[in-house]
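Beneath this line is the structure, given in structure tokens, with notes to follow.
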Amino acid sequence: MAKSENCPNCGAEVVFRSSGLPAVICDYCHSTVKRIGEALEKIGEVAALPFDVSPIQRGTTGKYDGRNFEVIGRIRLGYEQGSWNDWLCLFSDMTHGWLSESDGQFQMVIEQPLESSHSDLVQRIAAGGDAVPGDRTEIDGQPYFVADARWARCISAEGELPFAATTGWSVYNVDFRNPAGLSANVEREEGEPPGFYMGRYVSLAELEPRYLREIQGWARPEYAA
Amino acid sequence: MPPEPPDSDRPNPWGAGESGAAGPTSPRTVVTAEGDKAAAAEQFNCPNCGGSIEIKAAGYTVTVACQYCGSTLDVTDPDVRIIQRYEEEVRKLDLPLGSRGKLRGIEWEVIGYMRRSENGTYPWDEYLLFNPYYGYRFLDTDGRGWTLGRQLTEMPAKNGLLGFTVDGEFYEPFYAQTRNQVDFVLGEFYWQVQVGEEALTADYVRPGKMLSWESSKHETEWTLGELLEPNEVPDAFGVEPLTGGGLPLPHQPSPYKKQSGQMMKIAGLAAAAIILFAIMFGGTSDPETTRVNLATNGVEQSAKIGPIELTRPRQAVTVSARAPGIDNAWIDLAYTLTDRDTGDVYEASNVVEHYSGYDAEGNWTEGSRSSSSKFSMVPAGTYDLTVDAAGSQWLEGQYAATRNAVVEVSIARGATFYSNIILALIVVFVPAIWVWIRHLSFESRRKSDSDFAGDDDDDD
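Chains A and B supply the protein sequences, listed in that same order. When you number the first sequence by the numbering used here, it's gap-free, plus one each residue, and the end is 240. When you number the second sequence by the numbering used here, it's gap-free, plus one each residue, and the end is 1052.
Here you go:
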């Protein structure tokens, strides 16, 4: 399935693993490369990733709900009071999900059809409305509360992606939490249809991760031994 | 290797205490790692005092309070910017920034410290702990104990009017919403921290755990804290144990509750055993009875019951007397239990009496028409019981001698010494009740600081 190509900007190798993931960031020149039919096109570029001590890296593998996944890309988003990582996970059945990492907490979410939410609030956000932390809605018969709602900006990205991210691209993101630890997100971005994601908060340990990033001075955690 | 603090007499070209976005910035560089491991820190020089600072949670940290001059710095951009400038004597922390310790199996590095209070009262210390593989924890103390908290990702569910449930465990309200502020800050944080910044907090407790709600202008968060054993933080970080004192902590489990429960159980078992023994060994056998006809004029009559076989090495013997027909009369009874073989004698005396009359307050009666006497520890043998009885009657202010009375005396092997049993039961229960009282007193002291005190529900 994986298809090896050359970056249209610098000629370095870029890999496309799934037809569902038409974009890749060149590791050498940071160009955002998009596959359009058989052709590759440079859409823009991203800034170099700022240094962080995330335990996740491209190549980290794990298990979620009985399915194996590998981390193959990420988007780093920032707002005036902080930043977070959305790690793209390719499951063994070639579908994908996002492992979202914020303040040392993780949630795994998978995109769902917007209509499946059956939530007026979700529809309203998708249609351009704003949400306020504390807002309550019901999704799938379960109560959810808005935990935060904010505009964020793409700081940088790496690896493969389902869309062509470039630095400065901005998105309105709303996070929902639930008494049982479930989570949902609505994303509204420029020039793209709104996205609706559902999943739950996870601990790294329960993902049984392998190939975590080894960080100087810190022992490998027991759960990854 | 901690960096050297800068010279204290370093000139401060921007003036002390002045805050503002303008001013110098300082670039960050990644601290090079060895081998193929990823680097663990970034380094920069404080744009205010020039001191060398490391960021341990790079990528998460947004605010750093300089460990040398106390200035708060914004590190969201590649160039570090001053948010609030300070030139203060930085205080020494109980847990210094950069120190590491293992709590409940996980190694943590102290990366941030805040002193918070309710406008100067109820101050407490809050340390921020970090491990890149486990995220963040909070380590709080107000001098009485250490609480390790983690921010919740699930929303606690409201339970009842004021309580909340997390993981199926109920938390009762303890502190109502209070405003508090940051008085002092050092180190790095994943949110914007500033001295003077206010937040609203409310706390809910169950034994050993505290659920805290906190709302600032940016967000609302729930934290679940576990009270650590007194030795855990000293063992992990090599610091002195807290001296504590004062009221129990809101979430301090009563040290007496479990103990008193166990003691109650033990006392219950012991009481059951005592009662069982009393029934098994103290019960009476079929009594032998005789009747003595008495003239109620003080003349002594005798009767004999026997032979009575006592087979156990030692046993109790009960002698009961009943005189159903007497009124305004008493019968003195003397019992002599004589061993036929050895001639040993056991003596007891008793009385049956009954009076009635009429006075200003109406009819009255007094006395009892029956009585019983007990001989304890009587050795085995064949015995006779001699009853000497003398009846007297008091009628219209003088002794009377006309009526006859009948007293029925019976003797039975065995006896139930109720007073002894009650005494034994009290002895058995006293320690448990004592500990239970201490538990109640602990609980009432623990709750005395609560905004919801007076709610005396015992949470089992």
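Glycine included, every Cβ here is placed at the ideal spot set by N, Cα and C. The structure displayed is predicted, hence computed values, not measured ones.
For residue 648 of chain B and residue 780 of chain B, which I take to be in contact (beta-carbon distance under 8 Å), what is that distance rounded to the nearest angstrom?
In this structure residue 648 of chain B touches residue 780 of chain B by the C-beta definition: roughly 7 Å separates them, less than 8 Å.
So what does DSSP say about residue 1053 of chain B, is it helix, strand or coil?
Outside the displayed range of chain B (593 to 1052) lies residue 1053 of chain B, so it cannot be described from this structure.
Can you pull the chain A neighbours of residue 784 of chain B, defined as C-beta to C-beta under 7 Å?
Think of a sphere of 7 Å around the beta carbon of residue 784 of chain B: the chain A residues whose beta carbon falls inside it are 96, in chain order.
Sub-8 Å separation of residue 719 of chain B and residue 735 of chain B beta-carbons:
Residue 735 of chain B is positioned such that its CB atom lies no closer than 8 Å to that of residue 719 of chain B.
Hey, how far is the Cα of residue 96 of chain A from the Cα of residue 655 of chain B?
Straight-line Cα distance between these residues: approximately 9 Å.
Whose C-beta lies closer than 6 Å to the C-beta of residue 233 of chain A among residues of the same chain, with five residues either side of it excluded?
So the list is empty, once near-sequence residues are dropped.
What are the partner residues of residue 1057 of chain B, as DSSP defines its beta bridges?
With chain B represented from 593 up to 1052, any question about residue 1057 of chain B goes unanswered, as that position is not in the structure.
Are the C-beta atoms of residue 136 of chain A and some chain B residue less than 8 Å apart?
For residue 136 of chain A, the answer is no, since every Cβ of chain B falls outside 8 Å of its Cβ.
Going by DSSP, which residues form a beta bridge with residue 70 of chain A?
DSSP, once it has assigned bridges, lists no residue as partnering residue 70 of chain A.
Alpha helix (DSSP H) containing residue 825 of chain B: first to last residue?
Residue 825 of chain B -> alpha helix (DSSP H) spans 824-829.
3-residue-minimum beta strand (DSSP E) runs that sit fully inside the segment 45-70 of chain A, ordered along the chain
Under the rule that a run must span 3 or more residues, the beta strand (DSSP E) segments found entirely inside the segment 45-70 of chain A read 46-51, 54-60.
Helix, strand or coil, according to DSSP, for residue 606 of chain B in the structure here?
Caution is warranted here: a pLDDT of 40 is assigned to residue 606 of chain B, below 50, making its placement in the model unreliable, and no coordinate value can be reported.
Residue 796 of chain B touches chain E at which residues, Cβ-Cβ below 8 Å?
The structure shown contains no chain E; the protein chains it does contain are A and B.
Hey, residue 17 of chain A and residue 30 of chain A are a contact pair by Cβ (cut 8 Å); roughly how many whole angstroms apart?
About 6 Å separates the CB atoms of residue 17 of chain A and residue 30 of chain A; that is less than 8 Å, so the two are in contact.
Contact test: residue 972 of chain B Cβ vs the ligand SAM heavy atom, cutoff 7 Å:
With respect to the ligand SAM, the structure shown offers nothing to examine, as it has no ligands at all.
State the DSSP-derived secondary structure class of residue 786 of chain B, mapped to helix, strand or coil.
Assignment of residue 786 of chain B by DSSP, reduced to helix, strand and coil, places it in the coil class.
Hey, how far is the Cα of residue 706 of chain B from the Cα of residue 658 of chain B?
Separation of residue 706 of chain B and residue 658 of chain B (C-alpha to C-alpha, rounded to the nearest whole angstrom) is 13 Å.
Could you run through the segment 716-738 of chain B and flag, in chain order, every residue whose CB is less than 8 Å away from some CB of chain A?
So the list reads 722, 723, 724, 725, 726, 727, 728, given in the order they occur along the chain.
Use the C-beta contact count for residue 34 of chain A: other C-beta atoms within 10 angstroms, 16 or more gives buried, fewer gives exposed.
Residue 34 of chain A should be labelled exposed.
For residue 807 of chain B, which residues does DSSP report across the bridge?
In DSSP, residue 807 of chain B forms a bridge with B/792, B/812.
Taking 8 Å as the CB-CB cut-off, is residue 632 of chain B touching chain A?
At least one chain A Cβ lies under 8 Å of residue 632 of chain B.
Any C-beta of chain B under 8 Å from that of residue 8 of chain A:
Past the boundaries of the shown model lies residue 8 of chain A; chain A is included only from 16 to 240, so the question cannot be answered.
So, at 6 Å on beta carbons, what are the nonlocal neighbours of residue 1011 of chain B in its own chain, with the 5 sequence-adjacent residues on each side left out?
Once the five neighbours on either side are set aside, residue 1011 of chain B has no close Cβ partner at all.
Mapping DSSP to helix, strand and coil, what is residue 869 of chain B?
Residue state, collapsed to three classes: helix.
With DSSP collapsed to three states, give me the class of residue 28 of chain A.
Here residue 28 of chain A carries a strand assignment [DSSP, helix/strand/coil].
Is there a Cβ from chain A that is less than 8 Å from the Cβ of residue 812 of chain B?
With its beta carbon less than 8 Å from one in chain A, residue 812 of chain B belongs to the interface.
Count the other CB atoms within 10 Å of the CB of residue 123 of chain A; is the residue buried (16 or more) or exposed (fewer)?
The residue in question, residue 123 of chain A, is buried, as its Cβ has 16 or more Cβ neighbours within 10 Å.
When DSSP labels each residue in this structure, what does residue 1012 of chain B get in the three-state scheme?
Here residue 1012 of chain B sits in helix by DSSP.
In or out: residue 804 of chain B buried (at least 16 other Cβ within 10 Å) or exposed?
Burial of residue 804 of chain B is indicated by the presence of at least 16 other C-beta atoms within 10 angstroms of its C-beta.
Report the neighbours of residue 216 of chain A on chain B: residues whose CB is nearer than 8 Å to its CB, in chain order.
Those are 745, 746, listed as they occur along chain B.
Residue 229 of chain A touches chain B at which residues, Cβ-Cβ below 8 Å?
The contacting residues are 628, 629, 630.
Name the chain B residues that come within less than 8 Å of residue 233 of chain A, Cβ to Cβ?
Residues of chain B with a Cβ closer than 8 Å to the Cβ of residue 233 of chain A are, in chain order, 632, 699, 723, 724, 725.
As an exercise, report each continuous alpha helix (DSSP H) stretch of at least 4 residues that is fully enclosed by the segment 624-701 of chain B, in chain order.
DSSP runs (the alpha helix (DSSP H)) wholly in the segment 624-701 of chain B: none.
Grouping DSSP H, G and I as helix and E and B as strand, with all else coil, what is residue 178 of chain A?
DSSP places residue 178 of chain A in the coil class of the three-state scheme, outside both helix and strand.
Can you give, in chain order, each stretch of the beta strand (DSSP E) that sits fully within the segment 107-131 of chain A and has at least 3 residues?
Runs found: 111-117, 120-127.
Taking 8 Å as the CB-CB cut-off, is residue 741 of chain B touching chain A?
The beta carbon of residue 741 of chain B sits no closer than 8 Å to any beta carbon of chain A.
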